[in-house]
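Taking it in order: structure first as structure tokens, then the write-up.
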Amino acid sequence: MKEVSVAELKQKIDNNEDFQLIDVRESFEYEVSNLGGLNIPLAGIVIEAEKISKDKPVIIQCRSGKRSAQAVMLLEQQGFDNLANLKGGILAWKEEIDPELDVY
1 MKEVSVAELK QKIDNNEDFQ LIDVRESFEY EVSNLGGLNI PLAGIVIEAE KISKDKPVII
61 QCRSGKRSAQ AVMLLEQQGF DNLANLKGGI LAWKEEIDPE LDVY
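Here it is, written out as structure tokens:
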């Protein structure tokens, strides 16, 4: 499974690269803090797979990287080959990029 670090994600954002960010946490978690990605909770990821781009890189994120890794595996079974897991999730983002970010 391909993974990207939070530093690589920040660089993509800063460079205005064309990619899609998917947040697979529950909506109440997303409301506490998010990185601006599309919120599709893990339980609905296969059902809502049509919302996920197949023609540009997609980074999947969650709180720690575990649920997003599950989402990557589920979506790869659906034929996606453009996915990467955000290593460490939003907790790593808080630790390395934005210590002010609210994380429960």
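Take the sequence shown: its letters are residues 1 to 104, numbered as in UniProt numbering. The beta carbon of each residue, even a glycine, is placed where N, CA and C say it ideally should be. Being a predicted model, the structure only gives us computed values, none of them experimental.
Are the beta-carbon atoms of residue i and residue j separated by less than 8 Å?
i, j, result
"Gln-61", "Gly-89", "yes"
"Asp-23", "Asn-16", "no"
"Ile-52", "Gln-20", "yes"
"Ser-64", "Leu-91", "yes"
Which one or two residues does DSSP pair with residue i in a beta bridge?
i, result
"Asn-85", "Glu-3 and Ile-60"
"Leu-38", "Ile-22"
Assign residue i to buried or exposed, taking buried as 16 or more other Cβ atoms, counted over all protein chains shown, within 10 Å of its Cβ.
i, result
"Ser-68", "buried"
"Ile-47", "exposed"
"Ala-71", "buried"
"Glu-76", "exposed"
"Glu-100", "exposed"
Just reading off the alpha helix (DSSP H) that residue i is part of, what are its end residues?
i, result
"Tyr-104", "No alpha helix (DSSP H) holds Tyr-104; DSSP gives it neither H nor E."
"Phe-28", "27-32"
"Ala-71", "66-77"
My understanding is that residue i touches residue j, with C-beta atoms under 8 Å, so please give their C-beta distance in whole angstroms.
i, j, result
"Pro-41", "Glu-31", "Incorrect: roughly 12 Å between the Cβ atoms, too far for contact."
"Val-4", "Lys-87", "7 Å"
"Ile-59", "Ala-84", "5 Å"
"Gln-78", "Ala-49", "6 Å"
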